[in-house]
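In the UniProt record's numbering, the protein residues as written are 1 to 84. Beta carbons: idealized from backbone N, C-alpha and C, even for Gly. Just so it is clear, the structure is predicted and the values come from calculations on it, not from any experiment.
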């Protein structure tokens, strides 16, 4: 912990203030919960492809800022694993 302007600053806050880490590992394949995924680029010449993903998300929707009866719902997000 460091002191800045008379206030204690947590190490995590200090690291976050420095922005993203420029040194990172890149992967073109993943195994998540027993499922194998590859990036779109890796699968571009393959007959079978597994670069698409779906994420189910629970959301709360409001009709307006004054709405006191929110509606719970489910939204599916679709995408492709890409490597930039």
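{"Query": "Residue from 60, 30 and 9 with nearest C-alpha to residue 75", "Result": "60"}
{"Query": "Backbone CA spacing between residue 35 and residue 7 [nearest angstrom]", "Result": "46 Å"}
{"Query": "Best match in 63, 42 and 54 for proximity to residue 32 [C-alpha to C-alpha]", "Result": "54"}
{"Query": "With 16 other Cβ atoms within 10 Å as the buried cut-off, status of residue 43", "Result": "buried"}
{"Query": "Rounded straight-line distance, which links the Cα of residue 52 to that of residue 78", "Result": "7 Å"}
{"Query": "Three-way DSSP call (helix, strand, coil) for residue 7 in this model", "Result": "strand"}
{"Query": "Residue 83 beta carbon less than 9 Å from that of residue 40", "Result": "yes"}
{"Query": "C-alpha distance - residue 72 paired with residue 17, whole-angstrom precision", "Result": "35 Å"}
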